[in-house]
Amino acid sequence: MITFMRRYPRTIQGSLLVVIAGFVASLFIFGAQSKGADPRDWVARVNDETITPDQFQRRYAQSMAMMGQIYGQRFTPELAERLGLPQQVVEDLVNETLVVQRARAEGLEVGDEELNARIHRIPAFQENGRFSLKRYQDVLAVNQLTPSMFEADVRRQMTRERVEQVVRGGIKASDAEVEQVYVARNEEVRATWALVDAGPIAAATPASDGELEAYLKERAADFRLPERRRAQYVAINPKDVTPRITEADVERYYTANAAEFESPPQVHAAHVLVAVPQTGGSAAEDQAKATVAEVIRRAKAGEDFAALAKAVSQDPGSAAKGGDLGFIKKGEVMPDFERAVFALKKGEISPEPVRTPYGFHAIKVLEVREGGKKPLREAAAQIRQKLEGEGADRAARARADEVRPKLQAAADFMAEARQLGLVPVETTLSRQAPIPGLGRPDTLQEAAFGLAVGGISTPLRTPAGYVILKNAENLPATVPPLTEIRDRVATAVKRQKAETVALERARQLAADARRGDFAEAARQAGATTGETAPFSRSKPAERLAGDAMLAALQTPVHRVTDPVKTGQGYYVLKVLERVAPDMARFAGERDKLAQEVVAQKQGQAWTAWIDGARRTARIEIAQRYLPRAG
30 MITFMRRYPR
40 TIQGSLLVVI
50 AGFVASLFIF
60 GAQSKGADPR
70 DWVARVNDET
80 ITPDQFQRRY
90 AQSMAMMGQI
100 YGQRFTPELA
110 ERLGLPQQVV
120 EDLVNETLVV
130 QRARAEGLEV
140 GDEELNARIH
150 RIPAFQENGR
160 FSLKRYQDVL
170 AVNQLTPSMF
180 EADVRRQMTR
190 ERVEQVVRGG
200 IKASDAEVEQ
210 VYVARNEEVR
220 ATWALVDAGP
230 IAAATPASDG
240 ELEAYLKERA
250 ADFRLPERRR
260 AQYVAINPKD
270 VTPRITEADV
280 ERYYTANAAE
290 FESPPQVHAA
300 HVLVAVPQTG
310 GSAAEDQAKA
320 TVAEVIRRAK
330 AGEDFAALAK
340 AVSQDPGSAA
350 KGGDLGFIKK
360 GEVMPDFERA
370 VFALKKGEIS
380 PEPVRTPYGF
390 HAIKVLEVRE
400 GGKKPLREAA
410 AQIRQKLEGE
420 GADRAARARA
430 DEVRPKLQAA
440 ADFMAEARQL
450 GLVPVETTLS
460 RQAPIPGLGR
470 PDTLQEAAFG
480 LAVGGISTPL
490 RTPAGYVILK
500 NAENLPATVP
510 PLTEIRDRVA
520 TAVKRQKAET
530 VALERARQLA
540 ADARRGDFAE
550 AARQAGATTG
560 ETAPFSRSKP
570 AERLAGDAML
580 AALQTPVHRV
590 TDPVKTGQGY
600 YVLKVLERVA
610 PDMARFAGER
620 DKLAQEVVAQ
630 KQGQAWTAWI
640 DGARRTARIE
650 IAQRYLPRAG
């Protein structure tokens with residue numbers, strides 16, 4: 030709640046981010062991105078309905094915003110592409126369209142009255158707790174959305190909610206099902222195991238030239254290289270340049286950039302939040318306000334504010350910390366909250382509940398920091414570091430600009446680079462592969478693929494400095510000859526042969542163990558052996574692969590499993606003991622388990638419903654949105 034408001038203050042204040050039951054959280058933030066889509070284009074067709082680029086872009090923006098909240102700055106558009114987010118969004122829109130079509134046919138589509146009621150309850154469209162048509166129109170206009178676009182999106186998602194509730198609503202879990210899950214999760218097993226390790230077998234296995242050639246021919250796709258570029262480059266690192274910065278330079282910067290050293294006023298605040306449910310209406314509004322008013326009364330009467338926050342606050346980000354929000358600057362929180370918190374002195378509590386789009390707040394100021402200017406003596410080191418960094422960057426760029434024409438004119442890039450005192454590097458790269466020593470600078474990869482053969486890039490800024498890169502050769506996608514990848518192919522052949530041998534040994538081990546002594550059978554197979562402590566699904570065994578553990582859990586006592594393949598080789602296990610779970614604990618866990626069982630069954634029911642709808646539908650997805658092979 031408030032902690033989210035602090036992380037994204039400008040986004041919220043500029044776009045009035047709202048949460049409508051979690052499904053239009055970012056529509057306002059990214060609405061403008063849909064402008065300019067070609068109306069003749071299409072993303073997908075579901076029966077007789079078309080999913081437009083506008084719809085895709087709005088939903089994609091929602092997904093990016095939600096993933097950004099979870100992963101922060103790590104979640105970039107490039108990462109979204111690699112994870113297949115565009116394809117996931119299209120699948121979601123296709124499923125939603127199917128749901129809405131079925132809802133229309135069965136009279137379940139959300140009507141105007143319900144739609145209006147939902148929109149009227151959105152705090153971003155309210156003034157003084159009441160819906161404002163002007164505010165509604167202004168918010169949508171700022172984000173380049175028309176009411177019809179926004180209302181269509183909300184109606185579709187509300188309809189999807191309704192249908193999903195209908196499908197999930199009749200799902201229940203019997204006592205027998207819940208007990209079965211408890212037993213399966215908590216029943217313990219103790220087992221002895223034997224591992225036929227494929228690694229040592231592979232190391233001792235020969236591979237002939239004929240076997241390598243046949244394997245490469247059969248599995249050529251496993252060794253296929255994508256289109257690549259043979260690139261030559263030099264990097265000029267600013268760290269190699271140390272400009273001289275004088276005291277006068279530092280003082281001039283301090284004088285010219287005085288505002289940079291001004292410290293704005295800050296308050297260290299804590300709060301108690303009581304949210305107002307979206308569906309609660311005026312009664313819920315009054316109840317939330319009354320609850321916060323009571324918190325204020327009790328705090329002013331001497332009760333510990335932090336204890337009240339832990340007991341009452343509904344802000345998941347601060348409640349456990351006694352409502353502590355840390356230091357707040359102006360512009361970091363919602364305007365109503367900001368006005369209230371900066372009006373308080375140290376130790377004061379807000380005289381009345383403060384309303385924001387998230388609910389009502391009680392606020393206490395723990396400390397106040399007055400604004401001021403940092404003295405030059407305290408800022409000097411920071412300024413010097415900044416000036417040295419900027420100077421080094423300028424010097425490196427100047428050096429790059431100086432050597433580029435010489436490299437461009439040279440017949441031999443590598444020789445000329447050495448003549449200039451630079452260290453040239455030659456490498457082969459694709460768009461996906463990192464350049465050795467330079468991490469994953471996508472700008473270089475794009476530059477290499479954008480250059481004609483023999484072309485030389487302008488200086489490119491990278492973490493390693495300014496890079497000048499030459500495309501020495503275009504290399505088409507190909508399967509290298511065996512001579513170049515012999516070791517890789519040999520490793521694969523030996524592993525394949527070793528796994529065949531390991532499986533045969535494991536099968537013989539299992540057969541011998543069923544007829545006689547498990548330990549002797551393991552010794553004859555050359556297997557590594559061990560014995561587990563009691564384990565269960567909720568208490569995994571140490572040093573035992575998951576698939577092997579699961580096989581033991583599914584095997585009766587004193588029985589031997591079939592061979593279980595793992596990354597290391599093949600396990601064979603004998604169950605020594607099964608320990609029934611403590612049923613006395615079942616009563617205390619019954620309700621929680623029942624909820625989990627119901628949730629799982631509901632998910633399965635919804636998936637089955639969607640799959641059934643897709644089987645009878647005509648679905649066409651534009652080529653660029655189809656999942657990528659491999």
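Residue numbers for the sequence shown follow the working numbering, beginning at 30 and rising by one.
Where is the CB? At the ideal position from N, CA and C, for every residue including glycine.
Query: Please determine, among Val270, Ala542, Asp121, the residue with the shortest C-alpha to C-alpha distance to Arg87.; Result: Asp121
Query: Near Gly641, what residues of its chain come up, given a Cβ to Cβ distance below 8 Å and the 5 sequence neighbours on each side ignored?; Result: none
Query: Report the partner residues of Asp620 according to the DSSP bridge assignment.; Result: The partner list for Asp620 (beta bridge, DSSP) is empty, contrary to what the question assumes.
Query: Ordered along the chain, which non-local residues of its own chain (more than five positions away) have a Cβ less than 7 Å from that of Arg643?; Result: Leu127
Query: For the stretch 537 to 546 and the stretch 195 to 205, state whether three or more C-beta atom pairs, one from each stretch, are separated by less than 8 Å.; Result: no
Query: Can you check which of these residues, Leu108, Gly136, Pro592, Arg197, is closest to Lys629 by C-alpha distance?; Result: In the sequence as displayed, the identity of residue 629 is Gln instead of Lys. The shortest Cα separation from Gln629 among Leu108, Gly136, Pro592, Arg197 belongs to Arg197.
Query: Just curious, the beta strand (DSSP E) that Tyr654 is in, first and last residue?; Result: Neither: Tyr654 is in no beta strand (DSSP E) and is coded neither H nor E.
Query: Is Phe104 helix, strand or coil when you go by DSSP?; Result: coil
Query: Hey, quick one: how far does the beta strand (DSSP E) through Gly494 stretch, first residue to last?; Result: 494 to 504
Query: Where do the ends of the beta strand (DSSP E) carrying Phe356 lie?; Result: 353 to 358
Query: Going by C-alpha to C-alpha distance, which of Val454, Arg259, Thr645, Ala299 sits closest to Val362?; Result: Ala299
Query: If the criterion is Cβ atoms closer than 8 Å, does the pair Ala223 and Ala562 meet it?; Result: no
Query: Just list the residues that DSSP pairs Asp226 with in beta bridges.; Result: Gly598
Query: How is Pro465 classed by DSSP in three states: helix, strand or coil?; Result: For Pro465, the predicted structure reports a pLDDT of 48, less than 50, and the residue's modelled location is therefore unreliable. The matter cannot be settled from this model.
Query: My output table needs one value for Gln295: the three-state DSSP class, helix, strand or coil.; Result: strand
Query: Sorted by chain position, which residues of the same chain lie with C-beta nearer than 8 Å to Glu625's C-beta, five sequence neighbours on each side aside?; Result: Val210
Query: Does DSSP classify Lys329 as helix, strand or coil?; Result: helix
Query: Can the beta-carbon of Thr457 be found less than 8 Å from the beta-carbon of Leu473?; Result: no
Query: Sort Ser92, Thr636, Asn124 by Cα distance to Leu112 and report the nearest one.; Result: Ser92
Query: Just to confirm, are Arg524 and Ala231 a CB contact at a threshold of 8 Å?; Result: yes
Query: Should Met612 be labelled buried (16 or more other beta-carbon atoms within 10 Å of its own) or exposed?; Result: exposed
Query: Assign Ala312 to buried or exposed, taking buried as 16 or more other Cβ atoms, counted over all protein chains shown, within 10 Å of its Cβ.; Result: exposed
Query: Which residues does DSSP list as the beta-bridge partners of Thr221?; Result: Glu560, Lys603
Query: Roughly how many angstroms lie between the CA atoms of Ala109 and Phe85, to the nearest whole one?; Result: 15 Å
Query: Please report the distance separating the alpha-carbon of Ala540 from that of Lys568.; Result: 29 Å
Query: Could you pull the start and end residues of the alpha helix (DSSP H) that Thr284 belongs to?; Result: 276 to 285
Query: DSSP state of Tyr387, grouped into three classes?; Result: coil
Query: Does DSSP put Gln173 in a helix, in a strand, or in coil?; Result: coil
Query: On a CA-only basis, which of Pro453, Gly360, Arg398, Pro488 is nearest Pro434? Give me that one, please.; Result: Pro488
Query: If I measure Cβ to Cβ from Asn157 and keep anything under 8 Å in the same chain, skipping five residues before and after, which residues do I get?; Result: none
Query: Mind checking Arg406: buried by the 16 CB within 10 Å criterion, or exposed?; Result: exposed
Query: Looking only at C-alpha atoms, which of Leu622, Ala336, Leu605 sits nearest to Glu217?; Result: Leu605
Query: Using the Cβ count rule (16 or more neighbours within 10 Å means buried), how would you classify Ser284?; Result: The question names Ser, but residue 284 is Thr in the sequence shown. Its Cβ having fewer than 16 others within 10 Å, Thr284 is exposed.
Query: What three-state label does DSSP hand Gly309 in the structure shown?; Result: Caution applies to Gly309, whose pLDDT of 48 falls short of 50 and renders its modelled position unreliable; the value that the coordinates give is listed next. Three-state result, Gly309: coil.
Query: Does the separation of the CB atoms of Tyr262 and Ile639 fall below 8 Å?; Result: no
Query: Considering only residues of the same chain and omitting the five flanking positions on each side of Asp422, which have a CB-CB separation below 6 Å?; Result: Pro267
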